[in-house]
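K.L.:
Please see the structure below; I have some questions.
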Amino acid sequence: MIDKITNIIHEEPFIGKDGLSYIKITKEILTPRKTYLKGTITGKYRGSKLPDENDKSELFDFEIYEAEVLCNSLDDFRKNQAFIFPNDFKNLSNETKIKGTVFPKDKLPKTLPVLIKANEKSFGVNVLEPQLFEFDIIHKLHQTNGDEVFGTFDAFITGYVLDYEREEIEEVVGPIVKAPVINVPIKPIKPTSCKCSTIETGKTETKGDYIRKEFKCKNHNDNVWGDWKYNKEEPFGCMGCFSQIFAIIAVLIGLFFLIQLFPFLLIFVGFYLVLFLIGFLAPYFKWIFRILGILFLIVFLGSLVKTCSGSSQHYSPTPLIVDTPREVNPVIEPIVDTTTTNAIDTLQKPKLDSIITRFRRWKDYSGKNYEGKYQIRVSDFNKARYYKNNLNLNQRSINSYDKVVFSLKEFDKNRFNSVYNLFDSIGKANQLSKIKFAEMIVTFVQDIPYVIVLNDGCDASLYNDKFTRNYILNRQGECDGNQRFGINTPVEFLTNLKGDCDTRTLLLYTIFSHYDYDVALMSSEFYGHSIIGINLPINGIAYIYNNQKYVLWETTAPNCEPGIIPNEISNLNNWRISLKSK
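Structure representation (structure tokens):
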């Protein structure tokens, strides 16, 4: 049984009517809630053949790596009450199709990531303690490749999703009685004698042929001198000096002649070596060329397979949202720029600028609505783009990429204060906690439709990776091409609302750094993806760094809660930290 979680979110001292001190404590009580579900599941499985001494075993290590659950109605969900098979599954299928077959529970993971579809909506969840019934393999789609099998299955499923119900209560503690202060004289601690360690400070003293070194003390911060030790060195006389010089001159002369004669010696030896090999290997030449041809073919096929397989490593987010016309079309108003420090220029010829006003409306994970406007100067947008296009860096290495995103963040961080003002007003009006405030900010970014940002043009023939080619060819969404480094800066993204994974994580990293969160920008060259890691007390998948837990947060699609990332990008060995705020 999972216990309730109690957090103290506010303490307010006050003086009561009796003149005594009290404390009003506001507590947040989180009660665990299990939402059980049932439905029909369609998924993909893979398995590796288990080793056997006689190599006759037909046992496979089974794994479900992609699944989709269809629920028919609200009756397929209920709180804190499990569904019983087959009695509770009669509305999902004819009774004649239910045979009562139960899939072995020990063959399933304790947590199964699935995509739930209900009422024409879809959302990803982690089903805890899943149970499968009437497991049926679709034989037409079953494939065998050596010791591996792949295929698709249908079944009934039940399990539960764990979340917490929040309740806020107030308690008054008191009266608070202060204990009397008793001054106890503290006796001075006499320093103990120094115990010499083996750690040298680097200082030495010499006296004739003797030397001593200074060491750190074991029991306090003082230093102490070690014992005198005899350090007499053998004299290096004149004859020894001259003999050393003559030896060095002789070696240099010998090396000079050897270098001069080396090319002739190399040609001479190489000529006789070639003649020897031709005479010795003549009968075997035809076999040597056959072997070399086979090796060349193997290398060529291997490189071709590697190219094809490497192109599918990129994670492909699915855009699920569409903006309203009010959110798509910004309001652009001309203004006079009064930020110049040259008063004469201002009087003679005012500098014209424009302000872009954007409106956004979004929901957090609990369904609470937020909306508001923010403004970006056109001059700040142009400055951000000019800085990016003229940044004296490239993206040829991991270190260079980290320098690029750091430079873009530093240049833009103080150029969208209107966004900070919007978030401040929302946080204050709704009295959001630190976690709820972070969720409000991330859902703001997740609500913006996904747009792929490319370093080159939006032409599928320019790219080898499978995701980019399919995205452009199938017109899955908008494309923002010819953007240097394949990224939009925070100011560019807030202005044109065109951003993919690293554009979004760079903006969120900049915002969270402004609000003093302990946040990390996570990158994966293996997955071709970028996400956020944040140090908050949230359950879920987390990246451990210096004994600190950074909960991973997907940003490219709506309703992706912290700590829940797709299974295909969940191997933490393929992730690293590009930027870290603390």
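Numbering (the working numbering), first residue to last: -14 to 567. Where is the CB? At the ideal position from N, CA and C, for every residue including glycine. These numbers were taken from a predicted model, which means no experiment stands behind them.
1. May I have the straight-line CA-CA distance separating residue 199 from residue 205, to the nearest angstrom?
2. Do you know whose CA, among 358, 349, 337 and 352, lies nearest residue 313's CA?
3. Between residue 156 and residue 102, is the Cβ-Cβ spacing less than 8 Å?
4. Restricting to Cα atoms, I'd like to know which of 211, 309, 12 and 190 is closest to residue 182.
5. Taking Cβ to Cβ, would you say residue 393 is nearer than 8 Å to residue 491?
6. Can you tell me where the beta strand (DSSP E) holding residue 564 begins and where it ends?
7. Let me make sure I understand the geometry here. Which of 532, 542, 556 and 535 has the alpha-carbon closest to that of residue 511?
8. Tell me which residues share the same chain as residue 404 and place their Cβ nearer than 8 Å to its Cβ, disregarding the 5 neighbours each side in the sequence.
9. Does the stretch 61 to 76 touch the stretch 88 to 99, meaning 3 or more C-beta pairs lie closer than 8 Å?
10. I need the DSSP call for residue 548, collapsed to helix, strand or coil.
11. Considering only DSSP beta bridges, list what residue 315 is partnered with.
12. If we ignore side chains and look at the alpha-carbon of each, how far apart do residue -10 and residue 158 end up?
13. Can you say whether residue 241 is buried or exposed, counting buried as having 16 or more other CB atoms within 10 angstroms of its CB?
14. Beta-carbon within less than 6 Å of residue 453's beta-carbon, same chain only, minus the 5 sequence neighbours each way: which residues are those?
15. So, is residue 74 buried or exposed, given that buried needs 16 or more other C-beta atoms within 10 angstroms?
16. Quick check on the DSSP output: what are the complete beta strand (DSSP E) runs of length 3 or more inside the stretch 477 to 536, in order along the chain?
17. Residue 550 and residue 564: beta carbons closer than 8 Å?
18. Any contact of the stretch 424 to 432 with the stretch 531 to 546, i.e. 3+ C-beta pairs under 8 Å?
19. Does the distance from the CB of residue 27 to the CB of residue 143 come in under 8 Å?
20. Tell me which residues share the same chain as residue 468 and place their Cβ nearer than 6 Å to its Cβ, disregarding the 5 neighbours each side in the sequence.
21. So for residue 126, helix, strand or coil by DSSP?
22. Tell me whether the beta-carbon of residue 315 lies closer than 8 Å to the beta-carbon of residue 343.
23. Within a Cβ cutoff of 6 Å, which residues of the same chain sit near residue 49, ignoring the five residues on either side of it in sequence?
P.N.:
Reading it off the structure:
1. Translated into positions along the sequence shown, residue 199 becomes position 214. Translated into positions along the sequence shown, residue 205 becomes position 220. Spanning the two alpha carbons is a distance of roughly 15 Å.
2. Within the sequence shown, the letter at position 328 stands for residue 313. It is 358.
3. Numbered from its first residue, the sequence shown carries residue 156 at position 171. Numbered from its first residue, the sequence shown carries residue 102 at position 117. It is not a contact, given that the beta carbons lie outside the stated cut-off.
4. Reading the sequence shown from its first residue, position 197 is the one you call residue 182. Of the candidates 211, 309, 12 and 190, the one whose C-alpha sits nearest the C-alpha of residue 182 is 211.
5. Reading the sequence shown from its first residue, position 408 is the one you call residue 393. Reading the sequence shown from its first residue, position 506 is the one you call residue 491. Yes, they are a contact pair.
6. The residue given as residue 564 occupies position 579 in the sequence shown. Residue 564 -> beta strand (DSSP E) spans 561 to 565.
7. Against the sequence shown, residue 511 aligns to sequence position 526. Nearest C-alpha to residue 511: 556.
8. One-based indexing of the sequence shown puts residue 404 at position 419. If we look at residue 404 and ignore the five residues flanking it on each side, its Cβ neighbours are 359, 479 and 496.
9. no
10. Position 563 of the sequence shown, counted from the first residue, corresponds to residue 548. Coil, per DSSP.
11. As a working note, residue 315 is residue 330 in the sequence shown. Partner(s): none; residue 315 has no beta bridge.
12. Locating residue -10 in the sequence shown gives position 5, where the first residue counts as 1. Locating residue 158 in the sequence shown gives position 173, where the first residue counts as 1. Rounded to whole angstroms, residue -10 to residue 158 spans 20 Å at the Cα level.
13. Here residue 241 is taken as the residue at index 256 of the sequence shown, counted from 1. Exposed, because fewer than 16 other Cβ atoms sit within 10 Å of the Cβ of residue 241.
14. In the sequence shown, counting from the first residue as 1, residue 453 sits at position 468. Nothing meets the Cβ criterion.
15. Here residue 74 corresponds to residue number 89 of the sequence shown, with the count starting at 1. So residue 74 ends up on the buried side.
16. 504 to 509, 514 to 519 and 527 to 530
17. Position 565 of the sequence shown, counted from the first residue, corresponds to residue 550. Position 579 of the sequence shown, counted from the first residue, corresponds to residue 564. No, they are not a contact pair.
18. yes
19. One-based indexing of the sequence shown puts residue 27 at position 42. One-based indexing of the sequence shown puts residue 143 at position 158. Not closer than 8 Å, so no.
20. The residue labelled residue 468 in the question sits at position 483 within the sequence shown. Closer than 6 Å at Cβ, skipping near neighbours: 438.
21. As a working note, residue 126 is residue 141 in the sequence shown. Residue 126 falls in the helix class under three-state DSSP.
22. For the purposes of this step, residue 315 is taken as the residue at position 330 of the sequence shown. For the purposes of this step, residue 343 is taken as the residue at position 358 of the sequence shown. Yes, the Cβ-Cβ distance between residue 315 and residue 343 is below 8 Å.
23. By one-based count along the sequence shown, residue 49 stands at place 64. Counting only Cβ-Cβ distances below 6 Å, and skipping sequence neighbours, we find 28 and 30.
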